[in-house]
Amino acid sequence: MTKKNLIAVVAGLGLLGAGVAQAGPGGPGQGGGRRGPGAAHLLEKFDLDKDGQLSEDERARARAAFVAKHDKDGDGELSQGEKQAARFDRRIDRAERAAEMLKRFDTDQDGKLNDAERAALRAEGEAKRAERKAGKS
Ligand SMILES: [Ca+2]
Ligand SMILES: [Ca+2]
């Protein structure tokens, strides 16, 4: 569950704080190209050597995992319909994550995140990231 929350935070940052996130501290070459929540999600999962990028090998794994996940009829390929379903899944996923985010951080429960609530969300994201960085080795 923690892992899922982590992903949610990363994705949420991209979703809710797209504008502000750029201002955050990210050393050169560290979070350089923000490629949106999808990329963050992928990195989170498939950047095995944690260099912040997907190598050819990691990319291949990501692709294989994606196909495996969405290949409903098991022919090893994504048909048009399967691709569509995958896209749809992703949209639901994202909406669910955003909703989860909102539920967790919308402390005044007005249904949106104000600056303070966003800051809390961001702070948690940063903390998790730092934790992860400290935890590797
Ligand atoms: Ca298929
Ligand atoms: Ca709020």
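Take the sequence shown: its position 9, counting from 1, is numbered 12 in the working numbering, and each next residue is one higher.
Using N, Cα and C, we set each Cβ at its ideal position, and we do this for glycine too.
Since the structure is predicted, the reported quantities are computational estimates derived from the model, not experimental observations.
query: DSSP-derived helix/strand/coil call for E127; result: helix
query: Nearest-angstrom beta carbon gap, A98 and H73 [assumed within contact, 8 Å]; result: At roughly 18 Å, the Cβ-Cβ gap does not stay under 8 Å, so H73 and A98 are not in contact.
query: Opening and closing residue of the alpha helix (DSSP H) in which G84 lies; result: Q83 to F108
query: CB of M104 within 9 Å of CB of L124, strictly; result: yes
query: N117 versus R100 - alpha carbon distance; result: 18 Å
query: Own chain, CB closer than 7 Å to F49, minus 5 neighbours either side, in chain order; result: L57, E61, R64 and A65
query: Beta-carbon contacts of T110 that lie in its chain and below 7 Å, excluding the five residues immediately before and after; result: E120
query: L116 CB to nearest heavy atom of ligand 2 below 8 Å; result: yes
query: K48, DSSP secondary structure in three states; result: helix
query: F108 classed as buried or exposed, judged by whether at least 16 other C-beta atoms fall within 10 angstroms; result: buried
query: Opening and closing residue of the alpha helix (DSSP H) in which K72 lies; result: E59 to H73
query: Contact test: E120 Cβ vs ligand 2 heavy atom, cutoff 8 Å; result: yes
query: Local conformation of E134 per DSSP, three classes; result: helix
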